[in-house]
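Notes follow the structure.
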Amino acid sequence: MSRIVVLGVRHHGPGSARSVLAELDRLQPAAVVIEGPADADPIAHLAAAEGMAPPVALLAYAPDAPQTSVFWPFAGFSPEWQALRWALAHDVGVRFCDLPSASVLARVTEPPPRRRARPVDPIAELARAAGHDDPERWWDAVVESRTLDAESPFPTLLEAMTELRRDAPEEDVWEQRREAYMRRTLRAVLKEVDGPVAVVCGAWHGPALAEPLPPAAADTRILRGLPKRKAALTWVPFTHARLASSSGYGAGVDSPGWYDHLFTAPDEPVARWFTKVAAVLRERDLPVSSAHVIEAVRLAEALAALRGRSLPGLAEVQEAALAVLCEGDPVPLRYVTNDLVVGERLGSVPQDTPAVPLEVDLVAQARKLRLKREPVGRRLALDLRRDTDRGRSQLLHRLAVLGIDWGTPAADDVASTGTFRETWDVRWRPELAVAVIDAARFGTTVAGAAAARLVHDAATATDLVEVTRTVEKVLLTDLPEALPDVLRTLDEKAALDVDVVHLMTALPPLVRAQRYGDVRGTDTAALRGIVEALLVRICAGLPAAVTGLGEDAAREMRTAVDGVHAALALFNEREDLARWTAALRGLVDRRDVHGLLAGRIVRLLADGGVLGHDEVARRLSAQLSIGVPPAAQAAWVEGLLSGGGLLLAHDQELVALIDEWVTGLAEEDFVVVLPLLRRTFGQYSRAEREEVARAVGALDGRQAGPADEAVDDRRAAPAVAAVAALLRGAR
Amino acid sequence: MTSTDLLRPHAEQAYADELAALAAQDDRPRPPSWRLSPRAVVDYLLGTTLPDGTVITPKYVGPRRLMEVAVATLATDRALLLLGVPGTAKTWVSEHLAAAVSGDSTLLVQGTSGTSEDAIRYGWNYARLLAEGPSREALVPSPILTAMAEGRVARVEELTRIPSEVQDALITILSEKTLPIPELGTQVQAVKGFTVIATANDRDRGVNELSSALRRRFNTVVLPLPATEDQEVEIVARRVAELGASLELPPVPSAMEEIRRVVRVFRELRSGATADGRTAIKSPSGTLSTAEAISVVTSGMALATHFGDGVLRAADVASGIRGAVVKDPVGDQVAWTEYLEAVVREREGWGDFYRACRDDE
């Protein structure tokens, strides 16, 4: 009997994992050889250490350039993982046999070949031979969903693969090297131990590793000239979501949660699955009864029968869940997909695992910027005009994005309005080490991880303001590579946001960013495009949004209008300004707009020269005429006059109109209007108030009589005028 | 009378040959009272070529898995609810399912706001009732009662148009599979093979929402709108040609271009994104079904023929489109204006359409 027992698997296949375990138990091999980077042997034992929980990944990276890295992910249901754990638990020697990561990293210019890139897809070939058009589903039906009492599938599989490979074109050099290296490891293991050796590898490699092995000299020749670079290996926590798009084994899994369920469910996988689905739906207050679950199981089984499968697969259970439990509504089904089918889960690694590259990168950067990890907090005042301080600011901002709160922004000690100062409270806490490992799933460098995190944050943000905030963070952290994705999310959110005020609040920061080129050397054209798109939406939504606003809402809207107007003035794009002005112009004649807003719009249009002086005067006069209630008049005047009194100071006619209005008010109306007017004029600076007073004085100079020399009549004039008016009104 | 003389033959009459051919060659197990195996029913709906060369024409164009879920539902004696906006072939699918499963699509209750409980349970022949007293002979069974007694498929059209209290009469039938007749002190127990296919419209306003008790007794299949623009253009063009023929409108030369445009506008607004996926837009509150697209084009053609120069132009469809889109004067108007300004205005070759829509405002 041959000593090599090849266990050909599908990577991350739960059925393969079960079969491998059963076969290992039966075989009791003297050693287990697993497809995986050979230089990971020294840390293989950590797989059994306390605190290790899949999904995890072997991570290889170049210590001098951590962004050059490769993952070999393992889920709990991966056959490789189960074989590794079996060997460690049974105290059987275990070796990884694939090319060392040092060689894989040296080949980063081209990514490791994916399974699909193979000249022949072995599983597809077998499926076609069996009359199935979907290879994944065929494999699922034949191997993954297989129950254990059936006999070992491995000899048959090996035979089938041998048959397939006989007609397949020759593998490329890289694949040949991989298999040569696997055989070399295998030969060494055969020498070391007595008894059978189990090889757990992708099914396709099976025939290359079965006995009789070709002469060692041939493999040595193939392996000659293998590229190499310095590599460091460690275990990192992984997530189910990332399993779907992972490198290394190159075999992504779309439904890790489903596979995990298949692997862990002791019996009745379908019934257990629907019970979990029901629990997920109930958690969200969607009523699901046991009767529902029964019907779902029946439908899934009927569907499987209709499609000629012995057991329902993922497609059947999802369709049954949609038709029975979700009542045809895809929205609740999305909960099922997220919570169960993908089943987001974060793995963990033991304390004594070698440091992750993110940590290495963080240490290197901190050293360069002379930031020490001190457990005692201290305050750091940064002057952004200095390179080191700017670097520190960037690093702290980036860490904050990653949830590593080494520094927290603090209020400035020195009162300063300059934008070049930043103050941080920095303090290193031991828990931050965990935060670093947690953040490691986003990337291998601080910059790369922070960029990935920003994109992730934007995508999961619930409202527009959050996304805008993320855009600002992109600028603060100086990570322009994250900008396109974040902006795309912003655009999508803006399209769906029905509140025009939200859109209007989002616009000014974007314009500022664009204008000042905060995004150093970034594609500001993209930012401009977003601003334009936002403006189109604002202009389209504004007419409907200004109807029937109350006092507070009108005030909020006025602030938003002011913000957009000011931003567009900075933006300096004639076409956009014209579009905005046209939108405002369309509002001035409407009668359902709150006075505060209407007055403000007239003012903005007057400032922009769209409405002439006469026009403003006419409108003011119309607004202050008898038909309008005094409170509405005052609101309109506030809208018109707030934010700077120079208009009033230099426009005699306007002053005259307002003066006439104030003096013409009946006593009870004056009492109503007075606080509003006070508020309007109270906003002016002292100098402005004096200017206005002078203007009113000049006005009244024509009417007032000679004044006492001892009195500063210029200053007293308004008071005298007002008193006189009151007296006149009282009579 | 042969089926060719009929204005509209039933599915089992029109496709009797196909059903017979399928039944003859169907060697798979059939559920009790079924005329065909579930697999053969799916083949009948989606079309195939049988081993002896008989061609089964497709009755439904759309995802196969939906039809599989529908047939599997019926095979587990569950009631099937077909949901969808108007014009997604709900009734069509229901009729063909009933024809293929029980060879009879006529056990039909048409739901209206005036549908009474009698139509779902049973009524009485009052002449006999008065003359002979309550008896089996005086009882007028509803299509559903007949289906129960014979183990066949009953159909309920427009379930949501039926008043809620009448809908609830279905609950006992679906859960107990039994219909008591207290007047006779007896009951009718459903024979194996009995089930109900209901259709309902899930987006029109003013429907009677299904109670959750009733909803739980159905498996739901949502029939989608056509998957691709080309598919939908084809459906609209074909229907418009048929309608045009009966209205005796002269053929309009440039219609194809405008049809494509109408379909594009409808699809983009419905999906909330432009066809190239680069711009997200708001979706209005209306249905924007294929059926509405058809009516926009036919009324546009009537305009072009009777009031224009016979060529279907942007202006002829503009007001129709706006009418279909803006159902809610505030929210929809915003969505429409935004769409016009952000998408239509910028699109190459759509200048005439943009102007026509602006003029229409």
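Heads up: the sequence lines are chains X and Y, in that order. Residue 4 is where the first sequence starts when you use our numbering, and the numbers rise one by one after that. Residue 782 is where the second sequence starts when you use our numbering, and the numbers rise one by one after that. Quick reminder that beta carbons are idealized off the backbone N, C-alpha and C, glycines included.
Classify residue i as buried or exposed, calling it buried when 16 or more other Cβ atoms lie within 10 Å of its own Cβ.
i         : result
Pro875/Y  : Just to set this straight, residue 875/Y is Ser in the shown sequence, not Pro. Buried, by the Cβ-count rule.
Arg933/Y  : buried
Pro122/X  : Because the pLDDT at Pro122/X is just 46, under 50, the model does not fix this residue reliably, and the value given afterwards should be weighed accordingly. Counting Cβ neighbours within 10 Å, Pro122/X comes out exposed, since fewer than 16 surround it.
Gln31/X   : exposed
Ser292/X  : exposed
Met1037/Y : exposed
Val192/X  : buried
Lys871/Y  : buried
Glu663/X  : exposed
Gly79/X   : buried
Asp1109/Y : exposed
Asp101/X  : buried
Phe1134/Y : buried
Gln655/X  : exposed
Shorter than 9 Å from the beta carbon of residue i to some beta carbon of chain Y?
i        : result
Pro335/X : no
Pro487/X : no
His295/X : yes
Glu26/X  : no
Ser106/X : no
Ser313/X : no
Cys204/X : no
Gly544/X : yes
Glu578/X : no
Asp592/X : no
Glu271/X : no
The alpha helix (DSSP H) with residue i in it runs from where to where?
i         : result
Asp263/X  : 259–267
Glu1039/Y : 1036–1052
Ala213/X  : Here Ala213/X belongs to no alpha helix (DSSP H), and DSSP marks it neither H nor E.
Leu680/X  : 670–685
Thr1079/Y : 1071–1088
Pro45/X   : 44–47
Tell me which same chain residues have a C-beta within less than 6 Å of the C-beta of residue i, skipping the five on either side of it?
i        : result
Gly410/X : Leu399, Trp427, Val429
Arg348/X : His243
Ala710/X : Low local confidence applies: a pLDDT of 42 at Ala710/X is under 50, so the model's placement there is unreliable, and no value is given.
Leu490/X : Ala529, Ile533
Leu241/X : This sequence places Phe at residue 241/X; Leu is not what is there. The residues are Pro58, Val59, Ala60, Pro76, Gly350.
Between which two residues does the beta strand (DSSP E) harbouring residue i extend?
i        : result
Leu960/Y : 959–962
Leu863/Y : 860–865
Gln806/Y : First-last for Gln806/Y: 797–806, but that is the alpha helix (DSSP H), not the beta strand (DSSP E).
Gln968/Y : 967–970
Ile37/X  : 34–40
Gly96/X  : 96–101
Pro156/X : Run containing Pro156/X: none; DSSP gives neither H nor E here.
Ala981/Y : 976–982
Please tell me whether residue i has its Cβ less than 9 Å away from any Cβ of chain X.
i         : result
Glu939/Y  : no
Pro819/Y  : yes
Glu918/Y  : no
Phe999/Y  : yes
Lys1063/Y : yes
Arg859/Y  : yes
Arg1128/Y : no
Leu800/Y  : no
Here's a check: name, in chain order, each residue in its chain whose Cβ is nearer than 8 Å to the Cβ of residue i, leaving out the five neighbours to either side.
i        : result
Arg845/Y : Val823, Leu827
Gly524/X : Residue placement at Gly524/X is poorly supported in this model, since its pLDDT is 49, which falls under 50; the coordinates are not used for a value here.
Report all residues from its chain with a CB closer than 7 Å to the CB of residue i; omit the five preceding and five following residues, and keep chain order.
i        : result
Gln706/X : Confidence at Gln706/X is low in this model, with a pLDDT of 47, below 50, so its placement is unreliable and no value can be given for it.
Ala65/X  : Thr71, Leu108, Arg232, Lys233, Ala234
Legend entry - Every unbroken beta strand (DSSP E) within the segment 352–427 of chain X, with a cutoff of 3 residues, ordered by chain: Within the segment 352–427 of chain X, the beta strand (DSSP E) runs of at least 3 residues that lie entirely inside it are, in chain order, 381–386, 410–412.
Legend entry - Completely contained beta strand (DSSP E) runs for the segment 295–334 of chain X, where each covers 3 or more residues: DSSP assignment within the segment 295–334 of chain X yields no whole beta strand (DSSP E) run of 3 residues or more.
Inset, instruction - Counting only runs of 3+ residues fully inside the segment 889–921 of chain Y, write out the beta strand (DSSP E) ranges in chain order. - result: Whole beta strand (DSSP E) segments, 3+ residues: 889–891, 903–905.
Inset, instruction - May I have a chain-ordered list of the alpha helix (DSSP H) segments no shorter than 4 residues that lie completely inside the segment 439–516 of chain X? - result: Segments of the alpha helix (DSSP H) lying fully in the segment 439–516 of chain X: 449–463, 467–479, 486–499.
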